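Data first, discussion second: the structure below is written as structure tokens.
Numbering (the working numbering), first residue to last: 139 to 324.
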């Protein structure tokens, strides 16, 4: 595991299009399919990363809280499943069902979606507005495994609340950090 941070770059880009299978429903999912009337939260996660395991329950709470307020949520796993079989679609499905994920969990087997979104770590978060324009790339909150800060989703919740209230989105966006995405050998 290499500790990696979200790649910071200028906001304001459109959500790259893709179509991937949801591991639970086996339906093809696009960002447009799951975007809510207020926006879309795209999360790069995986099954085995200790940083993701640390925040999984909060991801479920966050989605349950904000989906009813008009936000869509989408989780993507892009790890190399040959080297990390615990992140394979059957294991993703098992986890999604066990945790009652209220959002689609899709497998990016080619890793093209992670590259298009410039995802670097798990977890990696991007928030898009109702026009699918990126307004946030940052962390869930300040909690990491072992730092004794409670997992609250504070940073991401502030962004979503600002969007709901038509307020300025916080300009200070701290990067998420976690395990690097497990890239395939070139």
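The beta carbon of each residue, even a glycine, is placed where N, CA and C say it ideally should be.
Please read these numbers as outputs of a predicted model, since none were measured by experiment.
Query raised in the report: Does the count of Cβ pairs from the stretch 174-181 and the stretch 141-152 closer than 8 Å reach three?
Result: no
Query raised in the report: Going by alpha carbons, who is nearest to residue 266 out of 145, 156 and 298?
Result: Numbered from 1 along the chain shown, position 128 holds the residue referred to as residue 266. Comparing Cα positions, the closest option is 298.
**Report entry** Under the three-state DSSP convention, the category residue 191 falls into
**Finding:** As a first step, residue 191 is located in the chain shown; it is residue number 53 there, counting from the start. Correct three-state label for residue 191: helix.
Query - Option nearest residue 316 by Cα separation, candidates 251, 269 and 187 - result: Residue 316 sits at position 178 when you count from the first residue of the chain shown. Taking only the C-alpha atoms, the option nearest residue 316 is 187.
Requested in this report: May I have the straight-line CA-CA distance separating residue 273 from residue 310, to the nearest angstrom?
Outcome: Stepping through the chain shown from its first residue, residue 273 is reached at position 135. Stepping through the chain shown from its first residue, residue 310 is reached at position 172. In a straight line, the C-alpha of residue 273 is about 12 Å away from that of residue 310.
Requested in this report: Report yes or no: do the stretch 158-172 and the stretch 243-250 share at least 3 C-beta pairs separated by less than 8 Å?
Outcome: yes
Requested in this report: Count the other CB atoms, across all protein chains shown, that sit within 10 Å of the CB of residue 248; report buried if there are 16 or more and exposed otherwise.
Outcome: Here residue 248 corresponds to residue number 110 of the chain shown, with the count starting at 1. Exposed, since its Cβ has fewer than 16 Cβ neighbours within 10 Å.
Query raised in the report: Rounded C-beta distance between residue 319 and residue 258? I'm assuming under 8 Å.
Result: Locating residue 319 in the chain shown gives position 181, where the first residue counts as 1. Locating residue 258 in the chain shown gives position 120, where the first residue counts as 1. The Cβ separation is near 6 Å, so the contact holds.
**Report entry** DSSP-derived helix/strand/coil call for residue 143
**Finding:** Locating residue 143 in the chain shown gives position 5, counting from the first residue. DSSP places residue 143 in strand when its eight states are reduced to three.
**Report entry** Cβ-based neighbour list, residue 264, same chain, cut-off 6 Å, excluding 5 preceding and 5 following
**Finding:** Along the chain shown, one-based indexing puts residue 264 at 126. Excluding positions up to five away in sequence, the list reads 180, 272 and 275.
Query raised in the report: To the nearest angstrom, how far is it from the Cα of residue 283 to the Cα of residue 189?
Result: As a first step, residue 283 is located in the chain shown; it is residue number 145 there, counting from the start. As a first step, residue 189 is located in the chain shown; it is residue number 51 there, counting from the start. Approximately 6 Å, taken between the alpha carbons.
Query raised in the report: What's the gap between the Cα of residue 211 and the Cα of residue 141?
Result: Taking the first residue of the chain shown as 1, we reach residue 211 at position 73. Taking the first residue of the chain shown as 1, we reach residue 141 at position 3. Going by the C-alpha atoms only, they are around 25 Å apart.
Report task. Return the CA-CA distance between residue 229 and residue 300, expressed in angstroms with no decimal places. Result -> The sequence position of residue 229 within the chain shown is 91, counting from 1. The sequence position of residue 300 within the chain shown is 162, counting from 1. Going by the C-alpha atoms only, they are around 35 Å apart.
**Report entry** 7 Å CB neighbourhood of residue 261 in its chain, flanking five on each side removed
**Finding:** Along the chain shown, one-based indexing puts residue 261 at 123. Cβ neighbours of residue 261 beyond the five flanking positions: 181, 182, 183, 189, 190, 193, 278, 314 and 316.
Query raised in the report: In or out: residue 252 buried (at least 16 other Cβ within 10 Å) or exposed?
Result: Walking along the chain shown from the start, residue 252 turns up at place 114. Burial call: buried.
Report task. Could you pull out every residue in the same chain whose Cβ sits closer than 7 Å to the Cβ of residue 221, ignoring the five residues on either side in sequence? Result -> Here residue 221 refers to the residue found at position 83 of the chain shown. Around residue 221: 320.
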